[in-house]
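A.B. asks: Just so you know, we're using our numbering here: the sequence shown kicks off at 13 and counts up by one. Cβ coordinates follow ideal geometry from the N, Cα and C atoms, glycine included. Here the structure is a predicted model, which is why all the values come from computation and not from measurement.
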Amino acid sequence: MAEEDEGPASPTGRPVHTITDFAQLKALSHPTRMRILTTLSDEHPCTVGDIAEALGESAGTVSYHLKQLEKAGIVTQSPSPDGDRRKSCWTANQGAFQFSVSHDDNPALADAMDQAGREFYLAGRERYQAKAESLPAEWRKPAQSVASVIRLTAEEYQRMSDEFAELTRKWADVNLQHTEGDGSQPVMLVTDLFKWVP
Numbered sequence: 013m014a015e016e017d018e019g020p021a022s023p024t025g026r027p028v029h030t031i032t033d034f035a036q037l038k039a040l041s042h043p044t045r046m047r048i049l050t051t052l053s054d055e056h057p058c059t060v061g062d063i064a065e066a067l068g069e070s071a072g073t074v075s076y077h078l079k080q081l082e083k084a085g086i087v088t089q090s091p092s093p094d095g096d097r098r099k100s101c102w103t104a105n106q107g108a109f110q111f112s113v114s115h116d117d118n119p120a121l122a123d124a125m126d127q128a129g130r131e132f133y134l135a136g137r138e139r140y141q142a143k144a145e146s147l148p149a150e151w152r153k154p155a156q157s158v159a160s161v162i163r164l165t166a167e168e169y170q171r172m173s174d175e176f177a178e179l180t181r182k183w184a185d186v187n188l189q190h191t192e193g194d195g196s197q198p199v200m201l202v203t204d205l206f207k208w209v210p
């Protein structure tokens, strides 16, 4: 079965699971499956129809990708809350995931995860830009995109990386405190630090 490292608990007491298992990482190296995972909760079952509508995909496509995620132990088919056995409902197996794959250990899989992550981000940004004008101001104004090439020592670079990681953890913990219907909405957070090559 899949191997997961249990990360530090959030303020809610719900752990963040770091996925290092090859089969799970391989299953997630597809941008559509990453999108599906963002729509699922570990507490409230979601129907294939609801997921398909949210993503703008066909029910058949969503069902196929859910089956692949199920085989990898990432999602589980669940009974419908209303008892309707005709509905195909799904939940995530954990409340929060993060991924860890070393390029040294598995370069092909690391490259596939990087590629899927880039496609996931770029497609998400395009969807946001297409709908930004129709969003309420409170969901448009905080949006930002910053790109800079700066000069740092190796020690400063590491310190900056650690600070960004801590900031990301802080807001990921806030995320885990929210529940459906409390006014919260999905927000994309991307951190991309690397040695610049001119």
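Restricting to Cα atoms, I'd like to know which of 185, 202, 140 is closest to residue 173.
C.D. replies: Measuring from the Cα of residue 173, the nearest candidate turns out to be 202.
A.B. asks: Throw me the rounded Cβ distance for the residue 85 and residue 36 pair, which I believe falls under 8 Å.
C.D. replies: At roughly 6 Å, the Cβ-Cβ gap stays under 8 Å, so residue 85 and residue 36 are in contact.
A.B. asks: To which residues does DSSP link residue 90 through a beta bridge?
C.D. replies: 101.
A.B. asks: Cα separation between residue 44 and residue 98?
C.D. replies: So the two alpha carbons sit approximately 24 Å from each other.
A.B. asks: Look up residue 141 in the DSSP assignment and say whether it is helix, strand or coil.
C.D. replies: In the structure shown, residue 141 sits in a helix (DSSP, three-state: H, G or I).
A.B. asks: With H, G and I counted as helix, E and B as strand and the rest as coil, what does DSSP make of residue 200?
C.D. replies: Coil, per DSSP.
A.B. asks: Could you check the C-alpha separation between residue 110 and residue 197 for me, to the nearest Å?
C.D. replies: The alpha-carbon atoms of residue 110 and residue 197 are separated by roughly 19 Å.
A.B. asks: Counting along the chain, where does the beta strand (DSSP E) carrying residue 110 start and finish?
C.D. replies: 109-111 is the extent of the beta strand (DSSP E) around residue 110.
A.B. asks: In angstroms with no decimal places, state the Cα-to-Cα distance between residue 189 and residue 59.
C.D. replies: If you take the alpha carbons of residue 189 and residue 59, they lie about 23 Å apart.
A.B. asks: With H, G and I counted as helix, E and B as strand and the rest as coil, what does DSSP make of residue 182?
C.D. replies: The answer is helix: DSSP assigns residue 182 an H, G or I state.
A.B. asks: Using the DSSP secondary-structure output, state which residues sit across from residue 59 in a beta bridge.
C.D. replies: BP columns for residue 59 point to 101.
A.B. asks: Over the uninterrupted alpha helix (DSSP H) stretch that includes residue 72, give me the two end residues.
C.D. replies: Segment 71-83, the alpha helix (DSSP H) holding residue 72.
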